[in-house]
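Undergrad:
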């Protein structure tokens, strides 16, 4: 996707959010801006930032919803950690299709294909796990789902029946799976961790080499309700078909150029049910832009 194509989608998203949600109409009015004020990526600085605290402080669970409930396909209560209260997230059929395509692209880039045997470990009440399940179905991989209620004995029994070459696991659920893999002396082709940090935690990186030849990480955030970026450790590619990214500097200005560094700020560009504009993730990143086919470039993020 070219920068011009992404800007067109971003402008449509801003107009959609302003038209369909009282939250953004009120926020724009307080800031003295309107949807038509964004003509270039730099103009995003004119729009207000969305703080996570403001999101969580909403009086109603559907205050960001741009459609009636009859227009939705899926609703889920999302958490990035067990002690969070959770955020209601809603999707239309097209939202789901887009997220499944994105997940399939990330998993395919990680080397997963129809010959792969995959353990998929996580909370299946979370819509992001469903996206991963459907993406694996799309790729034709053999998949064995393991929920959060699985005991160590359950995992041991499963590993006695199937020898996976890939494990996809939420980062906070890795420890019992890692212990079972090492006990069975199973060496994976690849470990795919999913988490709310741009890069996996040090503990995850330290133990992954004991049972996996390769390690890929997928970055997500409950507020955005989707997989945001994925790739090898140290270099994560942002999904430009779903998100517009800025790096917020110390003065509060957003930047998009190669080498920009600061807090990662994300906006959806095609969400139908719940558009999100200029969401402060709280994650410190640095941007790296790499040339792709034609006149396009791909945006990678590293911690920093």
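Residue numbers (the working numbering): 11 to 314. Beta carbons are placed, not taken as given, at the ideal position from N, Cα and C, and that holds for glycine.
Could you tell me which whole alpha helix (DSSP H) segments of length 4 or greater appear in the stretch 21–105?
TA: Within the stretch 21–105, the complete alpha helix (DSSP H) runs of at least 4 residues are 32–41, 62–66.
Undergrad: Tell me where the alpha helix (DSSP H) around residue 245 begins and ends.
TA: Reading the chain shown from its first residue, position 235 is the one you call residue 245. From DSSP, residue 245 is part of no alpha helix (DSSP H); its letter is neither H nor E.
Undergrad: Does the separation of the CB atoms of residue 177 and residue 187 fall below 8 Å?
TA: As a working note, residue 177 is residue 167 in the chain shown. As a working note, residue 187 is residue 177 in the chain shown. Contact: yes.
Undergrad: Going by C-alpha to C-alpha distance, which of 290, 286, 299 sits closest to residue 27?
TA: Walking along the chain shown from the start, residue 27 turns up at place 17. When only C-alpha atoms are compared, the closest one is 286.
Undergrad: Just checking my contact of residue 61 with residue 290 at CB under 8 Å: how many whole Å lie between their CB atoms?
TA: As a first step, residue 61 must be located in the chain shown, where it is residue number 51. As a first step, residue 290 must be located in the chain shown, where it is residue number 280. Rounded, the Cβ-Cβ distance is 6 Å, consistent with contact.
Undergrad: Quick one: is residue 278 buried, meaning 16 or more other Cβ sit within 10 Å of its Cβ, or exposed?
TA: Counted from its first residue, the chain shown places residue 278 at position 268. Counting Cβ neighbours within 10 Å, residue 278 comes out buried, since at least 16 surround it.
Undergrad: Is the stretch 185–199 close to the stretch 167–177, with three or more CB pairs under 8 Å?
TA: Touching, yes, given that three or more Cβ pairs across the two stretches are closer than 8 Å.
Undergrad: Which of helix, strand or coil does DSSP assign to residue 231?
TA: Mapped onto the chain shown, residue 231 falls at position 221. Reduced to three states, the DSSP call for residue 231 is strand.
Undergrad: Rounded to the nearest angstrom, what separates residue 145 and residue 117 at their Cα positions?
TA: Here residue 145 refers to the residue found at position 135 of the chain shown. Here residue 117 refers to the residue found at position 107 of the chain shown. Their backbone Cα atoms lie some 8 Å apart in a straight line.
Undergrad: Quickly, what does DSSP pair residue 296 with across the bridge? List them, please.
TA: Here residue 296 refers to the residue found at position 286 when the chain shown is read from its first residue. Partner(s): 271, 312.
Undergrad: Residue range of the alpha helix (DSSP H) that residue 187 falls in?
TA: Locating residue 187 in the chain shown gives position 177, where the first residue counts as 1. Segment 184–193, the alpha helix (DSSP H) holding residue 187.
Undergrad: Suppose you measure from the CA of residue 313 to the CA of residue 83; what does that come to, to the nearest Å?
TA: Locating residue 313 in the chain shown gives position 303, where the first residue counts as 1. Locating residue 83 in the chain shown gives position 73, where the first residue counts as 1. C-alpha separation (whole angstroms): 35 Å.
Undergrad: Among 258, 281, 302, which has the Cα closest to the Cα of residue 296?
TA: Sequence index remark: in the chain shown, residue 296 carries index 286 (1-based). Among 258, 281, 302, the Cα nearest to that of residue 296 is on 258.
Undergrad: Three or more beta-carbon pairs under 8 Å between the stretch 96–104 and the stretch 120–132, yes or no?
TA: Short answer: they don't touch.
Undergrad: So, are the CB atoms of residue 318 and residue 59 less than 8 Å apart?
TA: Nothing in the structure corresponds to residue 318, since the chain is present only between 11 and 314.
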